[in-house]
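As they're listed, the protein sequences go chains A and B. Under my numbering, the first residue of the first sequence carries the number 1, and numbering increases by one thereafter. Under my numbering, the first residue of the second sequence carries the number 1001, and numbering increases by one thereafter.
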Amino acid sequence: MNIASSDITWDGSAPLRDAMALAALARDCVSSGVERRALHVRLSMVSPKLREARHQRMVREALAPVLRPTRARLYELPGGDLVALSPPPGEHLDEVRASVARLLPEIPMDILVPVLRLPAEAARLLSLVEVSLGLQLVEPIQAEDAGPKLPAPSATEVEAAMRALTTANLTSFLRHLHIWQLGADDQEPQRIYTELRPHVQEVASVLMPGRALAASPALARRFRQATERRMLAELSRPQEARALANACLPLSLGAVMETEFLRLDAVLGPTGRARLMVCVSAGDVLADPGGFDMVRRLAAQRGWRLGLDDVEPAMLQLLPASRLDLAVIRLRFRPDMLAADARARDAMDAALPEDRSRVVLIGTDAPIAIAWAWQRGITRFMGRLLEARL
Amino acid sequence: MGIHFAGTRGPASDWRGALMAVPPTGVAVFSPAPLRHGARRIARALLEEAAVLGGGQLLALPGGDLLVVATAGPGNRAAAAISEVAGIVPETWTLPEQLPVAEARCESAAAFRAGAAIGLTELEALCGSLAIEEFARLTLFTEGASARPLAQRLSPASLGLPDPDMEAIAREALCRRLLSALTDPLQRTRLPPLRPGLRLILDLPLGGLANGAPMRGGVADDPNGPIALLPLASLTDPAGFAAIRGGLQAAGWRVGLLASHPAALSWVAAPGLIWAVPAAAQPPCVDPLPRGIPPEGLIVIGQPVPEWCFAPGIWHEGRNA
Chain A
1 MNIASSDITW DGSAPLRDAM ALAALARDCV SSGVERRALH VRLSMVSPKL REARHQRMVR
61 EALAPVLRPT RARLYELPGG DLVALSPPPG EHLDEVRASV ARLLPEIPMD ILVPVLRLPA
121 EAARLLSLVE VSLGLQLVEP IQAEDAGPKL PAPSATEVEA AMRALTTANL TSFLRHLHIW
181 QLGADDQEPQ RIYTELRPHV QEVASVLMPG RALAASPALA RRFRQATERR MLAELSRPQE
241 ARALANACLP LSLGAVMETE FLRLDAVLGP TGRARLMVCV SAGDVLADPG GFDMVRRLAA
301 QRGWRLGLDD VEPAMLQLLP ASRLDLAVIR LRFRPDMLAA DARARDAMDA ALPEDRSRVV
361 LIGTDAPIAI AWAWQRGITR FMGRLLEARL
Chain B
1001 MGIHFAGTRG PASDWRGALM AVPPTGVAVF SPAPLRHGAR RIARALLEEA AVLGGGQLLA
1061 LPGGDLLVVA TAGPGNRAAA AISEVAGIVP ETWTLPEQLP VAEARCESAA AFRAGAAIGL
1121 TELEALCGSL AIEEFARLTL FTEGASARPL AQRLSPASLG LPDPDMEAIA REALCRRLLS
1181 ALTDPLQRTR LPPLRPGLRL ILDLPLGGLA NGAPMRGGVA DDPNGPIALL PLASLTDPAG
1241 FAAIRGGLQA AGWRVGLLAS HPAALSWVAA PGLIWAVPAA AQPPCVDPLP RGIPPEGLIV
1301 IGQPVPEWCF APGIWHEGRN A
């Protein structure tokens, strides 16, 4: 275990930190052309039946003599994989590989990946790191128990709920999440924006019990907008607005053209507006391009940032940054992005804004998402992985 | 310094007093009411700021027009911002020199508000109760400078609502009624009669020709097949859209996107699709397409038809449709 990573507890998990450091290092080798050799011992591949604590210990012991006098470093990945990295020529890594094979005859040889040469084989190393991360950390998706199917509310019911909203106190229904800055060289992630949004589903279930709002998309949109207006009315009270620093508001497009938002815009003043980020969904842009065109010019005129919220990879191809240039793209991480072939990866990279500080990767629930993002220069994140640190 | 919101003064004739009370070298800015409520609210917010910063006041005239009197700096800045953002061109007068012009304009302003807001329940009821004859429209299209129609579009009429979200809800409901009328022999006679020999352009709801037997348009992948227009919002679900598109093409339809604003044409990368957009004074500029015309075709909807639409390859409603 290298010293640098053992005394930093990034969310309490040194292997996580190691995996990220390794991914960053592989990337740096590519960009700077520095040569490294890597030995990847995929202990995570040992079948659970054969897995024993002594495996890792023995591999470490086999590695110890070669690591001590050289500048080699050992990285421990989530899942138990070990990666030793050394400057060239690195023959000693081949020796280690041979001795591990001798010490542990029961484990299959493919667990001992042949020594990789960086930067030429950086992509291979990265994908191995990603696999090791994924094995450990991609959580199984629980099928939601739908329960009895609830009926959609009628227009009359939704209108009554919208009237009730105008006097409701939404404080307990507001969700505060954060946008984090975490570059490959950063020791700690930094909070750069606080996202504020009302929990529309919860508000709906209180005001319309026994109804499934989602069953009627058109009514759900109206209700969401009414909930956002209520939140904006509260935020635009002078004392609230003063406290609103670096806020990210995901809003429906209609709400941005409503009195409550325009009031907040006025109350914030030029300084407050410069620290405000507003994101609308791609669906809203497609449903009302005229409104979005107007809001875009409003943002430019007033000095706040406008972005696209929750952009799925397929949507990014429809609204590429080369055609719709915005200050922020909140890209949704999907595990199948990792499996994309070279062509799909190139298409994705081409559709992202060149200035990657405009991209926020949302749904960052596993370290593998961060590794994926770093490979394309994305350093802004949202998700459970980062929120869990608090 | 806290910003206080200028109150909106009451009755209609207040504008006389306001115009008389202008600070020296002040201006009056008159912002005519746009159809969109969103645009009006933006104009109003910008004028309120001008009233606060320019020591004046904002008046809402009964027809929805807005009048602000303020010092020249904030007044002119607000007028410029409104025309930049909301696409409304406010009229600005220097006072007291142009007082008679300002008074005449306020005098002639509309006394009633057009395009009032409508609730969801009302809208639902309206869409259910409109007779087919009231909302079904058949529009003929010509290409380039030719006067001979080559296509006909069967679509629901726009209700002209000030909220695009509500307009979209109405379009969905009316498109579905249009489709069921097309497939029902009893109701079909109530639709405007289709012209034989002209290509059909049919407006479809978000889900396309959903539920049941697909309506055949012709031979699969026929370049001259009828055109199905799906609202741009149907791209929100790219996989769902691909399935609908595939189904329509297999049934002999060509597929087009209907956008409610031409700006979408330059933002959305949707190769292989026809586009239908409302007529705009300027041609849309889409790199790298020449003159912004999608290679599959561009259908320009509405009257009057601007001059650039008479170029070859653009379908439009004709000079005197």
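Glycine is no exception: its CB is placed at the ideal position from the N, C-alpha and C atoms.
For arginine 297 of chain A, the chain B residues whose C-beta falls within less than 7 Å of its own C-beta are Glu1084, Val1085, listed in chain order. Taking C-beta separations shorter than 7 Å and ignoring five residues to either side along the sequence, the partners of alanine 1070 of chain B in its chain run Gly1026, Val1027, Ala1050, Ala1051, Gly1054, Gly1055, Gly1056, following chain order.
Comparing alpha-carbon positions, the option among A:Ala282, A:Ser236, A:Met277 lying closest to alanine 299 of chain A turns out to be A:Met277. In the structure shown, the three-state DSSP call for phenylalanine 1112 of chain B is coil. Secondary structure within the segment 256-309 of chain A: the beta strand (DSSP E) runs of 3 or more consecutive residues, fully enclosed, are 276-281 (chain order). By DSSP's assignment, glycine 1026 of chain B forms a beta bridge with B:Thr1071. Taking a Cβ-Cβ threshold of 8 Å, the residues of chain B close to valine 158 of chain A are Leu1120, in chain order. When the beta-carbon positions are compared, methionine 257 of chain A and glycine 1038 of chain B come within less than 9 Å of each other.
If you check each beta-carbon in the segment 1040-1052 of chain B against every beta-carbon of chain A, the ones closer than 9 Å belong to Arg1041, Ile1042, Arg1044, Ala1045, Leu1046, Glu1048, Glu1049, Val1052.
The DSSP-derived three-state label of isoleucine 1293 of chain B is coil. Contacts with chain B at 9 Å (Cβ-Cβ) do not include glycine 303 of chain A. Residues of the segment 360-384 of chain A whose Cβ lies closer than 7 Å to any Cβ of chain B: none. Put simply, the backbone Cα of glycine 1240 of chain B is about 52 Å away from that of leucine 104 of chain A. Aspartate 1203 of chain B carries a strand assignment under DSSP once its states are collapsed to helix, strand and coil. Of the residues A:Ala214, A:Arg273, A:Leu77, the one whose Cα lies closest to the Cα of glycine 303 of chain A is A:Arg273.
The beta carbon of proline 1294 of chain B is closer than 8 Å to those of Leu1265, Leu1273, Ile1274, Trp1275, Val1286 in its chain, skipping five residues each way along the sequence. For a Cβ distance threshold of 8 Å, residue set Ala155 of chain A lies close to glutamate 1124 of chain B, ordered along the chain. Counting along the chain, threonine 1142 of chain B sits inside the beta strand (DSSP E) bounded by residues 1136-1143. Under the 9 Å criterion on CB atoms, leucine 319 of chain A is classed as interfacial with respect to chain B.
Within chain A, no C-beta atom comes nearer than 8 Å to that of valine 1089 of chain B; the closest sits roughly 14 Å away. Judged by pairs of C-beta atoms under 8 Å, the segment 1244-1263 of chain B does not touch the segment 1095-1104 of chain B, as fewer than three such pairs exist. Below 8 Å, enough C-beta pairs join the segment 1226-1236 of chain B and the segment 1249-1259 of chain B to call them touching: three or more. In the structure shown, histidine 55 of chain A adopts helical secondary structure according to DSSP, grouped into three states. Annotated three-state conformation of serine 236 of chain A is coil, per DSSP. With its beta carbon less than 9 Å from one in chain B, proline 289 of chain A belongs to the interface.
Of the residues B:Trp1315, B:Ala1181, B:Asp1237, B:Pro1023, the one whose Cα lies closest to the Cα of glutamate 1296 of chain B is B:Trp1315. Boundaries of the beta strand (DSSP E) around glutamine 190 of chain A: 190-198. For threonine 1092 of chain B, the enclosing beta strand (DSSP E) starts and ends at 1091-1094. DSSP places serine 1129 of chain B in the uninterrupted alpha helix (DSSP H) bounded by 1120-1129. The Cβ-Cβ distance between glutamate 1133 of chain B and arginine 1190 of chain B falls below 9 Å. Any Cβ of chain B closer than 9 Å to the Cβ of threonine 259 of chain A would place that residue at the interface, and such an atom is present. Secondary structure at glutamine 1303 of chain B: coil, using DSSP grouped into helix, strand and coil. For the C-beta of arginine 221 of chain A, the chain B residues within less than 7 Å are, from N- to C-terminus, Asp1165. Cβ contact annotation for valine 200 of chain A (same chain, cutoff 6 Å, sequence separation greater than five): Arg224, Thr227, in chain order. In this structure, the alpha-carbon of methionine 1215 of chain B lies about 11 Å from that of serine 1180 of chain B. Annotation for arginine 330 of chain A: the continuous beta strand (DSSP E) segment containing it runs 328-332.
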